[in-house]
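Take the sequence shown: its position 151, counting from 1, is numbered 151 in the UniProt record's numbering, and each next residue is one higher. Ideal placement from N, C-alpha and C gives every residue a C-beta, glycine not left out. Below is one structure, written out as structure tokens, with a few remarks after it.
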Amino acid sequence: MNLSSFFVNKCFEYLLKEERETSEKCAEGPKKQIFPPWASNQKAFKDLCTGCGECVAACKEYLIIIKENGLPVMNLSNNSCTFCGDCARSCSHDALHFSDEQPPWHLHVSVTQDCLMEKKVLCQLCQEQCDHGAIVFPKGGQNDSPPEILLGNCTGCGACAARCPVDAISFQYIDELQI
């Protein structure tokens, strides 16, 4: 076994251990639910949405799913949102309002302590996936520090979350942070 194989095996061992721990954490409680783009605000969306599934059918990226409570939410674990607006334009109940002048949502994106860089494992997949330059690593990622999110550049598309092997990207509505 050469040195490269040794390190690859150690990385897989670590990731499998982390996956088990992450799965256990996920079983502890529900993950934050993000409504589809252009949901005016959380309360209005919950009041207006009938759970008809029009937005689910319209999403070409297959990002919108209906949860047990009947409301559509974003599943950014496999792909990122292109903000094409098809979901909002398909909504016949005014729960989603497409607008070129308004951002699709007001999300604060952050990196949790589950980040591999927090555990001194070199990983920059989130930065590699971000087409907007919203993710930077202090000192070029050479000091094992977790990434920083440049909120002015971040669209909340979810490309970073879709690629993160340990689900360390967190989304929260900005209005919740002000409570």
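CB-CB length for residue i against residue j, believed under 8 Å
| i | j | result |
| --- | --- | --- |
| Cys-87 | Pro-138 | In fact, because the Cβ distance is near 36 Å, the residues do not count as touching under 8 Å. |
| residue 184 | Leu-71 | A query on residue 184 cannot be resolved here, the shown segment of the chain reaching from 1 to 179 and no further. |
| residue 210 | Val-73 | The chain is shown only over 1 to 179; residue 210 falls outside these bounds and no answer can be derived. |
| Leu-107 | Gly-53 | Contact doesn't hold; Cβ gap of about 23 Å is too wide. |
| Thr-112 | Ser-40 | Wrong, their Cβ atoms sit about 28 Å apart, outside the cutoff. |
| Asn-153 | Ala-134 | 4 Å |
| Ala-159 | Cys-130 | 6 Å |
| Glu-68 | Asn-79 | Their Cβ separation, rounded to whole angstroms, is 22 Å, which puts Glu-68 and Asn-79 out of contact at 8 Å. |
The beta strand (DSSP E) enclosing residue i, as first and last residue numbers
| i | result |
| --- | --- |
| Gln-172 | 169–173 |
| Val-56 | No beta strand (DSSP E) contains Val-56, which is instead part of the alpha helix (DSSP H) from 54–58. |
| Ile-65 | 64–66 |
Of the listed residues the options, nearest to residue i (C-alpha basis)
| i | options | result |
| --- | --- | --- |
| Leu-122 | Cys-84, Pro-146 and Val-73 | Pro-146 |
| Leu-48 | Asp-167, Leu-151, Cys-115 and His-97 | His-97 |
| Ala-58 | Ala-134, Lys-43, Asn-41 and Ser-92 | Ser-92 |
| Cys-55 | Gly-85, Arg-163 and Leu-76 | Gly-85 |
| Ala-161 | Asn-75, Arg-89, Thr-50 and Glu-68 | Asn-75 |
| Ser-90 | Glu-148, Gly-51 and Ala-159 | Gly-51 |
| Val-136 | Lys-120, Lys-119 and Ser-110 | Ser-110 |
| Glu-128 | Arg-163, Glu-118, Lys-43 and Ala-44 | Arg-163 |
| Phe-83 | Pro-104, Tyr-173 and Leu-151 | Pro-104 |
| Lys-119 | Asp-144, Ala-95 and Cys-126 | Asp-144 |
| Asp-94 | Gln-124, Met-117, Lys-43 and Cys-126 | Lys-43 |
| Ile-66 | Cys-81, Phe-35 and Ser-77 | Phe-35 |
| Val-166 | Cys-81, Ile-174, Ser-99 and Gln-124 | Gln-124 |
| Ser-77 | Glu-148, Ile-149 and Cys-126 | Cys-126 |
| Met-117 | Ile-174, His-132 and Glu-148 | Glu-148 |
Endpoints, the alpha helix (DSSP H) within which residue i is located
| i | result |
| --- | --- |
| Asp-47 | 42–48 |
| Cys-160 | 159–163 |
For residue i: DSSP bridge partner residues
| i | result |
| --- | --- |
| Ala-39 | Leu-96 |
| Val-73 | Ile-65 |
| Ile-149 | Ile-135 |
Neighbour flag for residue i against chain C, beta carbons, 8 Å
| i | result |
| --- | --- |
| Leu-107 | Of the protein chains in the structure, only one exists, and it is not chain C. |
Enumerated in chain order, which unbroken segments of the beta strand (DSSP E) with a length of 3 residues or greater are wholly contained in the region 78–137? 107–111
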